[in-house]
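All you need for this note's numbering is the position in the sequence shown, starting with 1, plus 5.
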Amino acid sequence: MAKNYYWLRLKEDFFKSIPMKKLRKIAGGEIYTIIYLKMQLLSLRDEGSIYLEGVGDFAEELSLALDEEPENIKVLLQYLESVGLLVYRNPDEIFLTEVPYLIGKETDKAQMMRKLREERKQKLVTDGNNVTESSNNVTNALPDVTFCYTEKEIEKDIEIEKETPPPPHNSFFVSLGRNDHVKLTNEQLYSLISQYGKERIDLIITRLDNYIEDTGKRYQSHYDTIKEWIEEDTRKGGQC
6 MAKNYYWLRL KEDFFKSIPM KKLRKIAGGE IYTIIYLKMQ LLSLRDEGSI YLEGVGDFAE
66 ELSLALDEEP ENIKVLLQYL ESVGLLVYRN PDEIFLTEVP YLIGKETDKA QMMRKLREER
126 KQKLVTDGNN VTESSNNVTN ALPDVTFCYT EKEIEKDIEI EKETPPPPHN SFFVSLGRND
186 HVKLTNEQLY SLISQYGKER IDLIITRLDN YIEDTGKRYQ SHYDTIKEWI EEDTRKGGQC
């Protein structure tokens, strides 16, 4: 079974965002910012969720897990909750609302194939340079060979990725958009991003959130509404 590697993809404006600017201006804000980043890393495998293991409250357990002072974590938890970056889903689970958008993942097989492609591509380039010295005709043929080979390897890489099931999801709804009007589960959000791309989904969530704010209209399923809007935009030949 393929092993997964996870990483955190920080937004370019992470430190310029209003919540982070306010946090850093608090006494000890630099420490709180580091703890928040460590919490995000801790939650990657569970798509933003951190679970209580029963040896103490969240401040105590996170203190042990992150090697940070409990009092600092208590202050940070209160602040994150106040600005909507953290929600308590139940007594044993907290959820970092930004993390699902920031998860990077790669399987060990994909990593190995990527490295192998790079090594073989470099070898082809090196061999091609050697052949150039003796035959311009052979050199002219090399780019097509390299392209075909690497394309086949990429297709194999994609097949390997498809063999790995998506990470587990839960059925809790997350509030999205500036006004928190759009409600989706992690599974629904993951599905939409996989189908249409994160940038497009971010745009249409903003659009739907603003529309609900302006009109007060209610929808039975925001997931279905988003898909319908995308299909309508596609028929019209545009995007969200």
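C-beta atoms are modelled at their ideal positions from N, C-alpha and C, and glycine is treated no differently.
Only a predicted model underlies this, so the values are computations on that prediction, with no experimental measurement involved.
- Taken in chain order, the complete beta strand (DSSP E) segments of 3 or more residues contained in the region 53 to 106 are 54 to 56, 91 to 95, 98 to 101.
- The beta carbon of T38 lies closer than 7 Å to those of M25, L28, R29 in the same chain, with the five residues before and after it left out.
- A direct Cα-to-Cα measurement between G59 and Y106 gives close to 28 Å.
- By the C-beta density criterion, N191 is buried, having at least 16 other C-beta atoms within 10 angstroms.
- Three or more beta-carbon pairs separated by less than 8 Å are not found between the region 85 to 99 and the region 70 to 77, which leaves the two stretches without contact.
- Burial of Q45 is indicated by the presence of at least 16 other C-beta atoms within 10 angstroms of its C-beta.
- I108 sits in a strand when the DSSP states are folded into three classes.
- Short of 6 Å from the beta carbon of L213, and not among the five residues preceding or following it, lie these beta carbons of its own chain, in chain order: V187.
- For L181, same chain residues with a beta-carbon under 8 Å away, outside a window of 5 residues either side, are V187, K188, L189, L194, I210, D214 in chain order.
- Taking a C-beta distance under 7 Å as the contact criterion, L15 and S48 do not qualify as a contact pair.
- The residue among G202, K232, S196, I55 with its C-alpha nearest the C-alpha of I99 is I55.
- Between L13 and I40 the beta-carbon gap is near 14 Å, outside 8 Å, which marks them as no contact.
- Under the criterion of beta carbons closer than 8 Å, N184 and E218 qualify as touching, at roughly 5 Å.
- For the set V179, W234, S226, the Cα lying nearest the Cα of R205 is the one of W234.
- K188 has S180 as its beta-bridge partners, per DSSP.
- Residue burial annotation: F20 is exposed, with fewer than 16 other C-beta atoms found within 10 angstroms of its C-beta.
- The criterion of a C-beta distance shorter than 7 Å is satisfied by I36 and N77.
- With a threshold of 16 other beta carbon atoms within 10 Å, L67 meets it and is buried.
- Between A64 and K79, the C-beta gap is smaller than 7 Å, which places the two residues in contact.
- As the crow flies, the alpha-carbon of G53 is around 25 Å from that of T230.
- CA-to-CA, the gap between L208 and Q200 works out to about 14 Å.
- Secondary structure note for L13: its beta strand (DSSP E) is the uninterrupted segment 9 to 13.
- Between the C-alpha atoms of G109 and Y11 there is a straight-line separation of about 6 Å.
- DSSP places E218 in the uninterrupted alpha helix (DSSP H) bounded by 203 to 220.
- Assigned with DSSP and collapsed to three states, I31 falls in coil, not helix or strand.
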